[in-house]
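Report on the following structure.
Residue numbers (my numbering): 0 to 400.
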């Protein structure tokens with residue numbers, strides 16, 4: 000049975016919610032599932048904005064058939080070619096053989112890599128600033144490379160002021176009837192997953208996101224329709240500002256994130272004591288994260304949120320404790336900037352992780368590593384406790400609270 004939402008007088012959400020999925024892109028845990036958003040416009044010509052993942056195809060086609068109500072599908076606009084949005088293109092062509100496919104040059108290169116149907120006879124290639132009129136509606140296209148694939152683009156309906164934003168402004172989490180962000184307590188229930196989605200999926204490409212935000216700032220936007228998560232019709236400036244902060248690597252929280260990798264608990268103990276020292280000196284909203292139990296995507300999201308990060312790590316086989324190694328690798332890969340970083344090492348044989356962590360983070364730009372470092376030999380003693388106090392003082396001075 001169909002499950003659709005009418006958004007404007009002639010535009011419908013025909014997407015699908017996936018609550019069975021465990022790992023998005025087979026990497027990121029999504030305990031609340033994910034939505035695959037697709038939108039269908041009934042103008043003189045009918046227009047479908049993107050498709051969905053193949054696992055959701057049955058529901059997807061029931062939704063389309065209901066909204067079309069016997070009409071043919073004239074256009075399929077492909078804003079993004081990742082399979083969670085493009086997997087049903089071949090089936091669309093088979094079911095609606097007269098459909099024209101709208102995309103940019105790179106879109107069609109990828110279509111030919113994923114599918115073997117006749118693309119040439121039905122493709123409409125668009126570039127920056129091109130438009131498509133379907134009757135009442137005129138759609139303008141803007142390229143959004145690396146947000147987050149090179150072929151990504153967005154589509155702006157100049158008539159109803161709707162931005163079909165592809166992966167931009169998306170979030171993890173399935174929709175539960177409330178399709179609009181303002182129907183939910185987004186700042187409490189959704190923002191952490193929106194941040195985790197952005198930082199892990201697109202966080203590396205802040206420059207490219209800034210370029211897209213600049214294009215969006217020139218538009219009168221009444222609705223943002225992303226490919227994942229809620230539709231934005233109110234407080235659009237709020238989510239745009241979040242994207243501006245995230246894409247400029249500007250911390251949201253002037254506080255301390257402490258990430259620890261501990262084998263037998265002694266490094267964890269040092270992290271906990273440091274948090275207490277910081278709290279006694281007036282630092283609020285401190286967060287401790289166990290690298291062994293938190294997924295790296297959660298740590299990356301927190302790293303984008305906090306201004307100061309402490310990595311406290313045990314030496315393991317003369318190297319970085321493996322869970323922390325994953326965290327540091329992923330943070331380095333996601334281009335984190337504008338942070339103040341402090342390092343704590345522990346080791347029974349030979350504490351070695353300060354230098355190794357410094358090397359792991361060396362590719363990052365525009366960060367400050369504090370000179371105060373802590374070396375623990377097995378467990379805290381008077382000497383390492385004093386080092387911890389000096390580090391706490393140094394962090395508080397840098398926070399300027």
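Ideal Cβ positions, reconstructed from N, Cα and C, are used throughout, including at glycine.
If you're wondering where the values come from, they're calculated on a predicted model, not measured in any experiment.
- prompt: Which first and last residues belong to the beta strand (DSSP E) in which residue 314 is found?
  reply: Where residue 314 is concerned, the enclosing beta strand (DSSP E) stretches over 305-315.
message: Helix, strand or coil for residue 275? Go by DSSP, reduced to three states.
response: Look at residue 275 here: in three-state DSSP terms it is helix.
- prompt: In terms of alpha-carbon separation, which member of 224, 247 and 219 lies closest to residue 207?
  reply: Proximity to residue 207 across 224, 247 and 219 peaks at 247, based on C-alpha coordinates.
query: Thinking C-alpha only, which one of 313, 351 and 304 is nearest residue 330?
result: The shortest Cα separation from residue 330 among 313, 351 and 304 belongs to 304.
query: Rounded to whole angstroms, how far is the Cβ of residue 178 from the Cβ of residue 348, which I believe are closer than 8 Å?
result: Not quite, the Cβ-Cβ distance comes to about 57 Å (not below 8 Å), so this is no contact.
Test: residue 321 CB closer than 9 Å to a CB of chain D: Among the protein chains of the structure shown there is no chain D, as only one such chain exists.
field: Own chain, CB closer than 7 Å to residue 365, minus 5 neighbours either side, in chain order
entry: If we look at residue 365 and ignore the five residues flanking it on each side, its Cβ neighbours are 336 and 337.
- prompt: Between the Cα of residue 227 and the Cα atoms of 388, 325 and 165, which residue gives the shortest distance?
  reply: Nearest of 388, 325 and 165 to residue 227, Cα basis: 165.
task: Express the C-alpha separation of residue 391 and residue 21 in angstroms, rounding to a whole number.
output: Straight-line Cα distance between these residues: approximately 39 Å.
- request: Specify the secondary structure class of residue 85 as computed by DSSP and reduced to three states.
  value: Correct three-state label for residue 85: helix.
Simplified DSSP state of residue 369, which is helix, strand or coil: Of the three classes helix, strand and coil, the one that applies to residue 369 here is coil, per DSSP.
- request: Check residue 357 in the structure and name its three-state DSSP category.
  value: Residue state, collapsed to three classes: helix.
- request: Measure from the alpha carbon of residue 255 to the alpha carbon of each residue in 261, 270 and 245, then state which is nearest.
  value: Residue 270 is the option with its Cα nearest to residue 255.
task: Closer than 8 Å by C-beta to residue 327: which residues in its own chain qualify, once you throw out the five before and the five after it? Chain order, please.
output: Closer than 8 Å at the Cβ level, and outside the excluded window around residue 327, lie 310, 319, 356, 359 and 360.
- prompt: For the putative contact between residue 113 and residue 92, defined by C-beta atoms under 8 Å, what is the C-beta separation to the nearest angstrom?
  reply: 12 Å between Cβ atoms; not a contact.
task: Express the C-alpha separation of residue 317 and residue 343 in angstroms, rounding to a whole number.
output: When only Cα atoms are considered, residue 343 and residue 317 end up about 15 Å apart.
message: Between which two residues does the beta strand (DSSP E) holding residue 405 run?
response: Any property of residue 405 remains undetermined from this structure, which presents the chain solely from 0 to 400.
message: Check whether the segment 380-400 and the segment 274-282 are in contact - that is, three or more C-beta pairs closer than 8 Å.
response: The way I'd put it, the segment 380-400 does touch the segment 274-282; three or more beta-carbon pairs between them come closer than 8 Å.
- request: Kindly indicate which residue of 250, 6 and 122 has the alpha-carbon position closest to the one of residue 108.
  value: For residue 108, the closest C-alpha among the options 250, 6 and 122 is that of 122.
- prompt: So does the segment 177-194 actually touch the segment 48-65, counting three or more Cβ pairs closer than 8 Å?
  reply: Taking 8 Å as the limit for Cβ pairs, the verdict is that the segment 48-65 does not touch the segment 177-194.
field: For residue 6, three-class secondary structure by DSSP
entry: The DSSP-derived three-state label of residue 6 is coil.
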